[in-house]
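Read left to right, the sequence shown gives residues 154 to 312 (the working numbering).
Where a beta carbon is used, it is the ideal one built from N, C-alpha and C, also for glycine.
Heads up: the structure comes next, in structure tokens.
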Amino acid sequence: GKTFMSYGSFCCYIWFLLALALIKLIASMVKEKKQWLIAPFVSLAIFIVIYKNSIVLPLAIDSALLAFPFYAIGYGLNEVLLYKKYNKVLCWTIPILLFVITITISKQNGIVDINNCRFGNNILYFYLFGTIGTLAVIGFSKLFVSKPSFITRLGGGNC
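Spelled out as structure tokens, the structure:
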């Protein structure tokens, strides 16, 4: 997020790598299935306290806290979405429907920017439409790739 530590003009996108590293660090601390259900809400609660009190954190910690629920959702749906085979008709119709929903309704939420911790007008819409859009992309990708690639397994949430 926007912090007191400038990343400099050489690479203004380094916040993303820092946030990913922090997300993996948080995920490595979550061991049990029950914790995976609670961790995103704890992360979100911490983020809201930081956001409401205008606390400035270094090294994209706020961005990582905001993004961790997406990681947890992906981790939870990993087996269901990546390794099962689905009907080709469903793999076309459901993602198209999800994209249409995301494009038409997410406009109500406004500007979203995880780097600057801007989640639009409603944080629930932020997570809902972010998840729906991600599911649509995964649905389409299943049409072209039958089994997960090396990079998919590498980032598959196995901490």
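Look at the alpha carbon of Thr257 and the alpha carbon of Leu234, and state the distance between them as a whole number of angstroms. 24 Å
Residues in the same chain with beta-carbon distance under 7 Å from Arg271, minus the five sequence neighbours each way, listed in chain order, please. Ile264 and Val265
Quick check on the burial criterion: 16 or more other C-beta atoms within 10 angstroms. Buried or exposed for Val211? First, the residue type needs correcting, since residue 211 is Pro and not Val in the sequence shown. Classification of Pro211: exposed, given that the 10 Å Cβ count is below 16.
Bridge partner(s) assigned by DSSP for Phe272: Val265
Within this structure, are the beta carbons of Leu218 and Ile199 separated by less than 8 Å? Yes; because the gap between Cβ atoms is below 8 Å, this pair is in contact.
How close, in whole Å, do the beta carbons of Val183 and Trp189 come, if the pair is a contact with beta carbons under 8 Å? 6 Å
Given a cut-off of 8 Å on the beta-carbon distance, is the pair Leu178 and Ala213 in contact? no
Check whether the stretch 283-291 and the stretch 244-260 touch, using three or more Cβ-Cβ pairs below 8 Å as the test. yes
Buried or exposed: which applies to Leu171, given that a residue is buried once 16 or more other Cβ atoms fall within 10 Å of its Cβ? Leu171 is classed as buried because its beta carbon has at least 16 other beta carbons within 10 Å across all chains shown.
To the nearest angstrom, how far is the alpha carbon of Ile285 from that of Glu185? 26 Å
Using the C-alpha atoms, what's the distance from Asn274 back to Gln261? Spanning the two alpha carbons is a distance of roughly 8 Å.
Give me the residue from Phe282, Lys205 and Ser207 with the minimum Cα distance to Ile254. Phe282
Val242 lies in the alpha helix (DSSP H); which residues open and close that run? Lys241 to Ile258
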